[in-house]
Every structure is written in structure tokens, then in C-alpha cells.
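Undergrad:
The structure is reproduced here in C-alpha cells:
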């Protein structure tokens with residue numbers, strides 16, 4: 008499954024993306040550094 012994770016640079020977003028990748032999902036991450 009392809010999943011969009013917002014706030015990927017933060018603690019929760021990065022750990023969520025890592026878990027999703029480990030289970031075989033495709034991850035697209037977006038964050039705002041302003």
C-alpha cells in the first residue's frame with residue numbers, strides 16, 4: 008500500500024514511516040521546515 012506521512016521529520020512521523028517501510032508499504036513523506 009502507498010501511504011502519505013505528514014510531519015515525517017518529527018519523532019512520530021519518522022518512526023511511523025520506519026514501521027510502515029519494515030512491513031512492506033511504500034511511504035511518501037511531507038514536512039514543513041518553516
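Residue numbers (the working numbering): 8 to 41. For every residue, glycine included, the Cβ atom is placed at its ideal position computed from N, Cα and C.
1) Taking the C-alpha atoms as reference points, what is the distance between residue 19 and residue 35?
2) DSSP three-state label for residue 10, please.
3) Since residue 37 and residue 23 should fall inside the 8 angstroms C-beta cutoff, what is the C-beta to C-beta distance between them, to a whole number of angstroms?
4) Along the beta strand (DSSP E) that carries residue 36, what are the first and last residues, could you check?
5) Nearest to residue 10 by CA position, among 33, 17, 41, is which residue?
TA: The structure says:
1) Note on geometry: alpha-carbon atoms of residue 19 and residue 35 lie some 15 angstroms from one another.
2) Three-state result, residue 10: strand.
3) With 8 angstroms as the limit, residue 37 and residue 23 do not qualify as a contact, their Cβ atoms being about 13 angstroms apart.
4) It spans 33-37 - the beta strand (DSSP E) in which residue 36 sits, taken as one unbroken run.
5) Looking at the Cα atoms, 33 is the closest of the given residues.
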